[in-house]
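Line by line, the protein sequences are chains A and B. Position one of the first sequence corresponds to residue 1 (the working numbering), numbered consecutively onward. Position one of the second sequence corresponds to residue 628 (the working numbering), numbered consecutively onward. Down below is the structure, laid out as structure tokens.
Protein chains: 2
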Amino acid sequence: MPHIRFKPADITVEASEGASLLEAARRAGYILQSECGGQGICRRCKVRLIEGDVFISGEQNLTPAEQDENIVLACIARVVDDAEIEIPQESELKLTAADLKPELTPGENPGKEIVSFGLKIDPAVSRVNITIPDPTLQNNASDFDRVVATLQKAGVDTPFHADLKILQTLPRVTASSKGGLDLLIHSQADSNHILSFDMGCDPIYGLALDIGTTTLFSRLIDLESGEVIAEASDYNSQIPCGGDIIHRIVYAAKPDGLKHLRDLVIGTANSLIDELLKKADISANQIVACVAAGNTTMQHLFLGLDPKTIREEPYVPVMTHFPQLTAAETELNILPNAPVYMTPSVASYVGGDITAGLLAAGVHRSDKLTLYVDLGTNGEIALGNSDWLTACACSAGPAFEGSGVKCGTRAVSGGIDRVNLNSAGQLEFSTIGGGSPCGICGSGMIDLLAQLRATRRITARGKFNQEADPQRIRKIGTKSEIVLVRGTEEKGSADIVVTEPDLDNLIRTKGAIFAGIMTLLKGVGLKASEIERVVIAGSFGRYLDIENAIRIGMLPDLPLERFEYIGNGSLRGAGLALLSRKLWEELEEISRMITYFELSSWQGYMDEFMASLFLPHTDLSLFPSVK
Amino acid sequence: MPHIRFKPADITVEASEGASLLEAARRAGYILQSECGGQGICRRCKVRLIEGDVFISGEQNLTPAEQDENIVLACIARVVDDAEIEIPQESELKLTAADLKPELTPGENPGKEIVSFGLKIDPAVSRVNITIPDPTLQNNASDFDRVVATLQKAGVDTPFHADLKILQTLPRVTASSKGGLDLLIHSQADSNHILSFDMGCDPIYGLALDIGTTTLFSRLIDLESGEVIAEASDYNSQIPCGGDIIHRIVYAAKPDGLKHLRDLVIGTANSLIDELLKKADISANQIVACVAAGNTTMQHLFLGLDPKTIREEPYVPVMTHFPQLTAAETELNILPNAPVYMTPSVASYVGGDITAGLLAAGVHRSDKLTLYVDLGTNGEIALGNSDWLTACACSAGPAFEGSGVKCGTRAVSGGIDRVNLNSAGQLEFSTIGGGSPCGICGSGMIDLLAQLRATRRITARGKFNQEADPQRIRKIGTKSEIVLVRGTEEKGSADIVVTEPDLDNLIRTKGAIFAGIMTLLKGVGLKASEIERVVIAGSFGRYLDIENAIRIGMLPDLPLERFEYIGNGSLRGAGLALLSRKLWEELEEISRMITYFELSSWQGYMDEFMASLFLPHTDLSLFPSVK
């Protein structure tokens, strides 16, 4: 097999003929950017051929300069012989620990939150200490029957089940315990499942998991105190198979694609579990329950369910309400018979992440008309209160995560997250982590869009007005772009620019979100001004400037005090459902009470969308503060 | 490793130093008789050392003649070097197909039996054909939700569960089925478990299993017609580890002993399944449910539950009511997620074989006072009717299976099963299979005992009266014996005799059974004459002469028409419970309604036993017809 040597790390891997450099690089430890899932479209996976030869299996659309430099797209460059490849920094998907820190309020305590809901900590899995009477000739009921009778006396409902492997431990336990048993019991609606007869006195934990398209977040929660013991997060290692769910679904249709995607995401989840175990210094068997949230596609891929029909009209998932599974079945490396609950989803594009977020935000427990906006890789919106709930998914691409935006980036170190551009032409910006800029991330784009419009550098339709800033705005061919940061030759860095197609993309995305909000409002006959509370959730909400988001017409024009940022609502909701059976029931209720608006077939949505493709909107009466 | 060559088959196996010849022989395909489980006590595993050397790790108690012939006990003869071993025919546990044919009335049909009970065939696992509506943009419920909604419309109760592996098949099935699905559903009290989404139209079967100490019996039953499709049976391959449950329990306490016993019995069960599959020409996945009956110890060993406490006062098993298990857990090679139901037992010595037998006999459905006697390796007795049930186990050894009887044998080919000895000294006998006699089996012993007493060859206490038959009865030392068949030198066969210790053993066994019956009767304040029906079940009941059994005082002196032979009640009951959820419930009820008499601690039992150690009894008024 040919040998491929990758620089700068100087790692050589064997690769079979016809394999892509993307795949070979992955095996060398390089995860390359690949929004399109290796289809030669997004052109993020550029690498340089230093030596040897590759076969290009598609159209690369490279510039003459790139061609001169022997740049190739790793996804369609295929191995034919030994080769040496250089991976430019910008092609690599990199992150620092800080980038992925779960977005939590410091000291957040799900246990206390539950108490604030007027509930008590009451997880589905709990430890029960009993003392069983010794058998006598008069009462020689079996060991198991004496356990069950003791539990019944203690008020635990029957019937009781246990796996054979657990039952096999019972004689050993009763022989050595002198009657005292520390059971681990999983209580369900109709039955109780004994997970262990000798759990001992070590603390028991639950795992809350948010399976994001881009990132997986996890929390280890003490099931008795309700405290967060440790947190861990990492990129979803499916990313090289496609930047968004559509590309993942396409990838899943390849031979073994679904299995590969499942292995990847389970691999990421298990590496997070490893990290949590190390941080908390506990054993895997002490994690006795899991609640996993995620969008419908991610939940399907996590479980190995074919997501194919999610992207085909009429957009039907395999499941929205998942039967309860075990850790062994899902292949999570925790107590093998621990239950794994998947948060219920509503439809193909309103998933278990949204239901969990609504639970965390307490929307279903409040009289207030609440708008819930999740701005992750996809944009989902819910509207309602304790009486009714509606939800929809915006057909917005992940532009705010940098996809389809020339110098766009995720919220990584060096991403420009805040921009201040005054009419005098002064530009101030900050980057995540404070280092030198590598691109512009979602919140920075919203700031920029708002300020380009406020300073009349762009029109209401997002076209550049070169005269407003001739120093920064330049025309290349028929399209204009604005230069935010000039590249320096010594560093070999390129200019950071925003182009008219970028603006168009961003406006379509913000327009889709606002059109979704308006469609839900009109669907229930309400006006935007009647919204009493707006909850912003999702990965880039942390950096979002609400005022600018209103100025560009992405969020409704409401007093700022009505807005709040909930952080990772999906993860928070998973943690709450983990700690309270009542809240799990409420989560199920939420999923069933939501009326789903399938926007692609919803009359009037397209009109709302067209009207939203302006900054801020064609109907300025909706944005009195901007006007 | 030393090589051990076994004759007559000329098979050589490697054996590690210190291994027993019993174990080495097993690996060469020879299963030797070993009542005591390899403890050097029963002296049934005699083999001849032809060449080489072995180390004897205990006391063999061989006769000088045996010593001259280089006879050793295989269980305590340990490998030290290469050796050649001859296995005498009488040491081998052999059987012909006829020996093990399940004892069924030809054409027995559990389906018809269920109808005769006024019930319908209604197994826990059934195939359900549904057509699910295509999804539309207006009704885009998930695939699983549409399946569930269709089942609900068809009247099948919720909730529905399914294993992840099964759920993963759903998209493929719905894509190819055009809406028509053949589901396989396991209906339980509180939920339904979908075992398959695409069972197809092939017939589905259930497995009824009787796990006997000596023999495993199996039946393949069509779950829709209720017909028996095939039957198979074989010796329990645990036999070399001990002839009765006590020796098995002792063996289980050795390092890895329990695992070894479980592997052996599961191995036997799986070989029966293979045979059934071949006979019926079906695939393993078509066997979708199993009901397994057996005595408490066998059920424990089958499941790998430590039986240790069963033989220690207060005789407490690990379980009597077994949670439902899956085929995968139990390691039966049928549909992996098929439910495996273990019939409920009552106590350590009244097991799931007795509850199943009572179900088959319909004792719980009848007003008639019924005595149920199971004469297998152990003797269990139940008494009652539809209002109440009592049961006990006789502390009788398996003398009727040949254990502790010098020339005793199980009901194998060549076993003397009928004896007719008149006072003129003429002896007639028949053997199982009609060949030359190899020993005397249970039914033959009962005949013999009755006729030795009737012809005054023995006293009421079982002592020989040599003068009554000086030709056959001879004295060796202080003990007498009767010669039934003289050995012939040319055939190298020994005399077939019955000794005074044998008689003593048999009288103790029959006495234990009768004392058990009397104890149950007295416990409920009834007399033997009030018994309206006697059901005989178990492996040697087929050959039993009821009149002789009454004459020796083993069974109560009732008109012959009150007796009936049910065959393998345990297997029959398992088959019925397999076909009818109602009967499974009745089985559970039977197990809970039985009052168990622990004879070892039952006041008065010992008196009853002592009074029964006469032929027929000290109280002759109990046996008016014999008197």
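A virtual CB, placed ideally from N, CA and C, is assigned to each residue, including glycine.
What do you reckon, are the CB atoms on Ser1013 of chain B and Arg1037 of chain B nearer than 7 Å? no
Residues of the region 976-1006 of chain B whose Cβ lies closer than 7 Å to any Cβ of chain A, in chain order: none
Interface flag, Ala289 of chain A vs chain B, CB-CB below 7 Å: Not flagged as an interface residue toward chain B: Ala289 of chain A, since no C-beta distance is shorter than 7 Å.
Kindly list, in the order they appear in chain A, the residues whose Cβ is closer than 9 Å to that of Tyr942 of chain B. Pro135, Leu137, Asn140
If you measure beta-carbon to beta-carbon, which residues of the region 183-213 of chain A are closer than 7 Å to chain B? Of all residues in the region 183-213 of chain A, only Asp190, Ser191 come within less than 7 Å of chain B when Cβ atoms are compared, listed by chain position.
Neighbour list for Lys1255 of chain B in chain A, Cβ cutoff strictly below 7 Å: Missing from the structure shown is residue 1255 of chain B; chain B here goes from 628 to 1254 and no further.
Are three or more beta carbon pairs between the region 222-234 of chain A and the region 250-261 of chain A nearer than 8 Å? Verdict: no, contact absent.
Please state whether DSSP places Ser1166 of chain B in a helix, a strand or coil. coil
Three-state class that DSSP yields for Asn1195 of chain B in the structure shown: Three-state result, Asn1195 of chain B: coil.
Taking 7 Å as the threshold (beta carbon to beta carbon), is His1244 of chain B in contact with chain A? Output row for His1244 of chain B: interface = no.
Alpha helix (DSSP H) containing Val115 of chain A: first to last residue? 110-116
Are the C-beta of Thr320 of chain A and some C-beta of chain B separated by less than 7 Å? yes
Pull up the DSSP beta-bridge partners for Tyr976 of chain B, would you. Assignment of beta-bridge partners to Tyr976 of chain B by DSSP yields no partner.
Should Ile683 of chain B be labelled buried (16 or more other beta-carbon atoms within 10 Å of its own) or exposed? It is exposed - the Cβ of Ile683 of chain B has fewer than 16 other Cβ atoms within 10 Å.
Does Gly304 of chain A come within less than 7 Å of chain B when only Cβ atoms are used? yes
Spatial distance of Leu746 of chain B from Ser1207 of chain B (CA atoms): Roughly 8 Å between the two C-alpha positions.
Beta-carbon within less than 7 Å of Tyr235 of chain A's beta-carbon, same chain only, minus the 5 sequence neighbours each way: which residues are those? Hits under 7 Å: Leu93, Leu95, Thr214, Thr215.
Can you tell me which of the three DSSP states Thr957 of chain B falls into? helix
Whose CA, out of B:Leu996, B:Val1000, B:Asp994, B:Met969, lies closest to the CA of Gly984 of chain B? B:Val1000
Smallest Cα separation from Asp1131 of chain B: which of B:Gln1093, B:Ser1239, B:Ser1218? B:Ser1239
Nearest-angstrom Cα separation, counted from Leu587 of chain A out to Ala393 of chain A: Each residue's Cα considered, the two are about 19 Å apart.
Are the C-beta of Glu329 of chain A and some C-beta of chain B separated by less than 7 Å? yes
Looking only at DSSP bridge pairs, what is Tyr632 of chain A linked to? Because chain A is modelled from 1 through 627, residue 632 of chain A falls outside the range shown and cannot be assessed.
Would a check of beta-carbon distances place His260 of chain A closer than 7 Å to chain B? no
Within 8 Å, do at least three Cβ pairs link the region 1168-1188 of chain B to the region 1229-1248 of chain B? yes
Can you tell me whether Ala651 of chain B is helix, strand or coil according to DSSP? Residue state for Ala651 of chain B is assigned as helix, using DSSP reduced to three classes.
Reduced DSSP category for His617 of chain A - H, G, I as helix; E, B as strand; rest coil: Three-state DSSP puts His617 of chain A in coil, outside helix and strand.
Any beta-carbon of chain A closer than 7 Å to the one on Pro950 of chain B? yes
DSSP three-state assignment for Cys392 of chain A, whether helix, strand or coil: strand
Using a threshold of 7 Å, state whether the C-beta atoms of Ser187 of chain A and Ala230 of chain A are closer than that. no
Counting Cβ pairs, one atom from each stretch, are 3 or more of them under 8 Å apart for the region 1057-1065 of chain B and the region 1092-1108 of chain B? Note that the region 1057-1065 of chain B does not touch the region 1092-1108 of chain B; fewer than 3 beta-carbon pairs, one per stretch, sit closer than 8 Å.
Mind listing the chain B neighbours of Gln67 of chain A? Cutoff is C-beta to C-beta under 9 Å, in chain order. Going along chain B, no residue has its Cβ under 9 Å from Gln67 of chain A, so there is no contact; the nearest lies around 43 Å.
Count the other CB atoms within 10 Å of the CB of Asn139 of chain A; is the residue buried (16 or more) or exposed (fewer)? exposed
Cross-chain neighbours of Cys144 of chain A in chain B, by beta carbon under 8 Å: The sequence shown places Phe at residue 144 of chain A, not Cys. Those within 8 Å of Phe144 of chain A in chain B are Val945, Met946, Thr947, His948.
Could you work out which residues of chain B lie near Gln152 of chain A, taking near to mean beta carbons separated by less than 8 Å? The premise fails here: Gln152 of chain A is roughly 14 Å from chain B at the closest Cβ pair, so nothing lies under 8 Å.
Use the C-beta contact count for Gln1098 of chain B: other C-beta atoms within 10 angstroms, 16 or more gives buried, fewer gives exposed. exposed
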